[in-house]
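To keep things clear, I will list the structure first and then write my remarks on it.
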Amino acid sequence: MSSNSRKMLFFILLVALAYVSYAYMIKPANKNLSDQRAKVTLKQSKLTELQRATETAVDLNKQLQKVEEAIQTFESKLPPSSEIDNVLTDITVIAQKQSLTPKTIRTQKSKDNRGYVEQPLEMELEGNFQSYYAFLLELEKLDRITKIRELSLKKRNKFEGHTEARFVVSVFFQNTGA
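Note that the sequence shown covers residues 69 to 246 in my numbering.
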(Lines of atoms letter the chains of each structure in order from A and count residues from 1; the text may use other names and numbers.)
(Lines give C-alpha, C1' and ligand atoms only; values in the text may rest on other atoms or scores of the structure.)
Protein backbone atom coordinates (compact mmCIF):
# COMPACT_ATOMS: atom_id res chain seq x y z
CA MET A 1 0.00 0.00 0.00
CA SER A 2 1.13 3.33 -0.87
CA SER A 3 1.24 6.20 1.44
CA ASN A 4 -1.66 7.95 -0.33
CA SER A 5 -3.89 4.93 -0.12
CA ARG A 6 -3.01 4.54 3.56
CA LYS A 7 -3.89 8.16 4.14
CA MET A 8 -7.12 7.73 2.23
CA LEU A 9 -8.00 4.57 4.19
CA PHE A 10 -7.11 6.29 7.45
CA PHE A 11 -9.25 9.28 6.46
CA ILE A 12 -12.19 7.01 5.58
CA LEU A 13 -11.80 5.17 8.90
CA LEU A 14 -11.72 8.47 10.76
CA VAL A 15 -14.86 9.70 8.98
CA ALA A 16 -16.56 6.34 9.59
CA LEU A 17 -15.53 6.43 13.25
CA ALA A 18 -16.89 9.99 13.56
CA TYR A 19 -20.18 8.95 11.90
CA VAL A 20 -20.53 5.83 14.06
CA SER A 21 -19.73 7.89 17.18
CA TYR A 22 -22.33 10.47 16.23
CA ALA A 23 -24.99 7.96 15.21
CA TYR A 24 -24.61 5.55 18.12
CA MET A 25 -23.31 7.72 20.96
CA ILE A 26 -23.83 11.45 20.56
CA LYS A 27 -27.27 11.39 18.86
CA PRO A 28 -28.84 9.05 21.49
CA ALA A 29 -27.22 11.05 24.28
CA ASN A 30 -28.63 14.31 22.84
CA LYS A 31 -32.07 12.71 22.45
CA ASN A 32 -31.93 11.45 26.03
CA LEU A 33 -30.83 14.90 27.22
CA SER A 34 -33.69 16.65 25.36
CA ASP A 35 -36.18 14.08 26.73
CA GLN A 36 -34.93 14.69 30.26
CA ARG A 37 -35.17 18.48 29.76
CA ALA A 38 -38.75 18.09 28.53
CA LYS A 39 -39.60 16.00 31.60
CA VAL A 40 -38.00 18.58 33.90
CA THR A 41 -39.93 21.40 32.17
CA LEU A 42 -43.17 19.43 32.50
CA LYS A 43 -42.52 18.74 36.18
CA GLN A 44 -41.67 22.41 36.79
CA SER A 45 -44.94 23.51 35.17
CA LYS A 46 -46.87 20.98 37.27
CA LEU A 47 -45.05 22.22 40.37
CA THR A 48 -46.01 25.81 39.50
CA GLU A 49 -49.65 24.75 39.07
CA LEU A 50 -49.51 22.92 42.39
CA GLN A 51 -48.10 26.01 44.12
CA ARG A 52 -50.93 28.13 42.66
CA ALA A 53 -53.47 25.54 43.76
CA THR A 54 -51.95 25.51 47.25
CA GLU A 55 -52.15 29.31 47.47
CA THR A 56 -55.77 29.17 46.29
CA ALA A 57 -56.55 26.49 48.88
CA VAL A 58 -55.04 28.65 51.63
CA ASP A 59 -57.14 31.62 50.44
CA LEU A 60 -60.24 29.41 50.29
CA ASN A 61 -59.55 28.15 53.81
CA LYS A 62 -59.34 31.75 55.04
CA GLN A 63 -62.58 32.64 53.25
CA LEU A 64 -64.26 29.52 54.62
CA GLN A 65 -63.15 30.47 58.12
CA LYS A 66 -64.64 33.96 57.67
CA VAL A 67 -67.90 32.46 56.41
CA GLU A 68 -68.02 30.08 59.39
CA GLU A 69 -67.47 33.00 61.77
CA ALA A 70 -70.27 34.93 60.06
CA ILE A 71 -72.57 31.92 60.36
CA GLN A 72 -71.72 31.57 64.06
CA THR A 73 -72.45 35.26 64.60
CA PHE A 74 -75.74 34.92 62.73
CA GLU A 75 -76.72 31.78 64.64
CA SER A 76 -75.85 33.41 67.97
CA LYS A 77 -78.53 35.98 67.17
CA LEU A 78 -81.07 33.23 66.52
CA PRO A 79 -82.65 32.09 69.77
CA PRO A 80 -84.10 28.61 70.03
CA SER A 81 -87.82 28.54 69.24
CA SER A 82 -88.54 27.91 72.93
CA GLU A 83 -87.53 31.55 73.62
CA ILE A 84 -90.32 33.11 71.54
CA ASP A 85 -92.10 34.15 74.73
CA ASN A 86 -88.98 36.01 75.93
CA VAL A 87 -88.62 37.86 72.63
CA LEU A 88 -92.32 38.73 72.61
CA THR A 89 -91.99 39.98 76.19
CA ASP A 90 -88.98 42.11 75.19
CA ILE A 91 -90.92 43.68 72.32
CA THR A 92 -93.92 44.38 74.58
CA VAL A 93 -91.69 45.90 77.29
CA ILE A 94 -90.01 48.15 74.72
CA ALA A 95 -93.43 49.30 73.47
CA GLN A 96 -94.65 50.03 77.01
CA LYS A 97 -91.38 51.77 77.90
CA GLN A 98 -91.96 54.14 74.97
CA SER A 99 -95.52 54.85 76.21
CA LEU A 100 -97.14 52.91 73.40
CA THR A 101 -100.32 51.00 74.12
CA PRO A 102 -100.44 47.53 72.58
CA LYS A 103 -103.94 46.94 71.19
CA THR A 104 -103.44 43.49 69.67
CA ILE A 105 -100.64 41.01 69.18
CA ARG A 106 -101.31 37.99 66.94
CA THR A 107 -98.94 35.31 65.83
CA GLN A 108 -99.13 34.36 62.18
CA LYS A 109 -98.14 31.08 60.59
CA SER A 110 -94.41 30.51 60.97
CA LYS A 111 -92.28 30.09 57.86
CA ASP A 112 -89.87 27.19 58.08
CA ASN A 113 -86.72 27.94 56.10
CA ARG A 114 -83.51 26.00 55.78
CA GLY A 115 -81.62 26.56 59.02
CA TYR A 116 -84.03 29.03 60.61
CA VAL A 117 -87.69 29.71 61.30
CA GLU A 118 -89.38 33.07 60.71
CA GLN A 119 -92.22 33.80 63.13
CA PRO A 120 -94.30 36.82 62.04
CA LEU A 121 -96.18 38.70 64.76
CA GLU A 122 -98.94 41.13 63.77
CA MET A 123 -99.08 44.06 66.20
CA GLU A 124 -101.25 47.12 66.64
CA LEU A 125 -99.98 49.94 68.85
CA GLU A 126 -101.29 53.37 69.79
CA GLY A 127 -99.26 56.31 70.94
CA ASN A 128 -97.22 59.36 70.05
CA PHE A 129 -95.41 59.36 66.70
CA GLN A 130 -92.07 60.14 68.39
CA SER A 131 -92.62 57.10 70.59
CA TYR A 132 -92.90 54.90 67.49
CA TYR A 133 -89.57 56.17 66.28
CA ALA A 134 -87.97 55.45 69.67
CA PHE A 135 -89.66 52.02 69.69
CA LEU A 136 -88.17 51.13 66.30
CA LEU A 137 -84.71 52.27 67.43
CA GLU A 138 -84.94 50.11 70.57
CA LEU A 139 -86.23 47.16 68.55
CA GLU A 140 -83.20 47.49 66.30
CA LYS A 141 -80.89 47.23 69.34
CA LEU A 142 -82.24 43.82 70.37
CA ASP A 143 -79.70 40.99 70.34
CA ARG A 144 -82.05 39.06 68.10
CA ILE A 145 -82.66 39.35 64.39
CA THR A 146 -85.99 41.01 63.65
CA LYS A 147 -87.61 42.48 60.57
CA ILE A 148 -90.48 44.97 60.32
CA ARG A 149 -92.89 44.35 57.44
CA GLU A 150 -96.19 45.91 56.39
CA LEU A 151 -95.93 49.03 58.55
CA SER A 152 -98.92 51.37 58.32
CA LEU A 153 -99.46 54.51 60.42
CA LYS A 154 -102.79 56.29 60.83
CA LYS A 155 -103.22 59.71 62.36
CA ARG A 156 -105.76 59.89 65.16
CA ASN A 157 -107.90 63.00 64.85
CA LYS A 158 -108.47 63.48 68.58
CA PHE A 159 -104.92 64.39 69.61
CA GLU A 160 -102.10 66.08 67.70
CA GLY A 161 -99.19 63.70 67.11
CA HIS A 162 -101.20 60.70 68.29
CA THR A 163 -101.11 57.80 65.84
CA GLU A 164 -102.15 54.22 65.46
CA ALA A 165 -99.69 51.74 63.93
CA ARG A 166 -100.29 48.33 62.48
CA PHE A 167 -97.26 46.27 61.46
CA VAL A 168 -95.83 42.80 61.23
CA VAL A 169 -92.56 42.12 63.02
CA SER A 170 -90.79 38.92 62.05
CA VAL A 171 -88.62 37.25 64.65
CA PHE A 172 -86.11 34.65 63.50
CA PHE A 173 -85.34 31.45 65.43
CA GLN A 174 -83.11 28.43 65.08
CA ASN A 175 -84.69 25.60 63.17
CA THR A 176 -84.40 22.76 65.67
CA GLY A 177 -85.81 20.28 63.13
CA ALA A 178 -82.97 20.88 60.62
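The beta-carbon is built from N, C-alpha and C at its ideal position, and this holds for glycine as well.
Three-state secondary structure assigned by DSSP to residue i
i, result
"Arg-234", "strand"
"Ser-71", "helix"
"Phe-262", "The chain is shown only over 69 to 246; residue 262 falls outside these bounds and no answer can be derived."
"Ala-246", "Caution applies to Ala-246, whose pLDDT of 47 falls short of 50 and renders its modelled position unreliable; the model cannot decide the point."
"Ile-94", "helix"
"Lys-227", "A small fix is needed here, since residue 227 is Phe in this sequence, not Lys. In the structure shown, Phe-227 sits in coil (DSSP, three-state: anything other than H, G, I, E or B)."
"Asn-181", "coil"
"Ser-144", "helix"
"Gln-176", "coil"
"Pro-170", "strand"
"Gln-213", "The sequence given here has Ile at residue 213, not Gln. Note: Ile-213 maps to coil in three-state DSSP."
"Leu-110", "helix"
"Asn-196", "strand"
"Ser-220", "strand"
Heavy atom of the ligand COA within 6 angstroms of residue i beta-carbon
i, result
"Ile-162", "In the structure on display, the ligand COA does not appear, and there are no ligands present to speak of."
Neighbour-count burial assignment, residue i, 16 or more Cβ in a 10 Å radius
i, result
"Phe-240", "buried"
"Ser-144", "exposed"
"Phe-79", "exposed"
"Ser-199", "buried"
"Ala-246", "Its pLDDT being 47, under 50, Ala-246 is placed unreliably by the model, and nothing is read from it."
"Ile-159", "buried"
Within 7 angstroms, strictly: CB atoms of residue i and residue j
i, j, result
"Leu-221", "Gly-195", "no"
"Met-191", "Phe-227", "no"
"Phe-203", "Gln-166", "yes"
"Val-237", "Ile-216", "yes"
"Glu-208", "Ile-162", "no"
Nonlocal neighbours in the same chain, by C-beta distance under 8 angstroms from residue i, ignoring five residues either side
i, result
"Arg-224", "Glu-194, His-230, Thr-231, Glu-232"
Sequence-distant residues of the same chain with beta carbon closer than 6 angstroms to residue i, five excluded per side
i, result
"Asn-243", "Gly-183, Tyr-184, Val-185"
"Gln-164", "none"
"Arg-174", "Glu-190"
"Ser-178", "Val-185, Gln-187"
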